[in-house]
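The structure under discussion appears below in the form of structure tokens.
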Amino acid sequence: MSFARDEALWDRIIAVDLKGVYLLSRALLPALQASGNGAIVNMASIASVVGRGGGLAYTAAKAGALTHRLAG
């Protein structure tokens, strides 16, 4: 995505690739807490650390999905 593209495309990519990770993690949290054990492993492509031309929103979303820890 270039800066010339519209904001709606950015929003759609962030909604799917970043907010989707958040919503799924939040949905799974009660089951993980009830079990007293468990882990959420977020996967992302190499684009999360090495940006490519035309993929700004995708790179930002994948980098945001790579979390060390969601909660303390």
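Each number in my numbering comes from the position in the sequence shown (counting from 1) with 104 added on.
Backbone N, C-alpha and C fix where the C-beta goes; we use that ideal spot for every residue, glycine too.
For residue 165, name the three-state secondary structure that DSSP assigns. Stepping through the sequence shown from its first residue, residue 165 is reached at position 61. Correct three-state label for residue 165: helix.
Residue 142 to residue 110, Cα distance in whole Å? Taking the sequence shown and counting its residues from 1, one reaches residue 142 at position 38. Taking the sequence shown and counting its residues from 1, one reaches residue 110 at position 6. Distance between the alpha carbons of residue 142 and residue 110: 40 Å.
Quick check on residue 162: buried or exposed, where buried means 16 or more other Cβ atoms within 10 Å of its Cβ? As a working mapping, residue 162 is identified with position 58 in the sequence shown. Flag for residue 162 reads buried.
Please classify residue 125: is it buried, with 16 or more other beta-carbons within 10 angstroms of its beta-carbon, or exposed? Reading the sequence shown from its first residue, position 21 is the one you call residue 125. Buried.
What are the start and end residues of the alpha helix (DSSP H) that includes residue 159? By one-based count along the sequence shown, residue 159 stands at place 55. Per DSSP, residue 159 belongs to no alpha helix (DSSP H) and is neither H nor E.
Am I right that residue 151 and residue 159 are in contact with their C-beta atoms under 8 Å? What's the rounded C-beta distance? Numbered from 1 along the sequence shown, position 47 holds the residue referred to as residue 151. Numbered from 1 along the sequence shown, position 55 holds the residue referred to as residue 159. Residue 151 to residue 159, Cβ: 6 Å. Contact.
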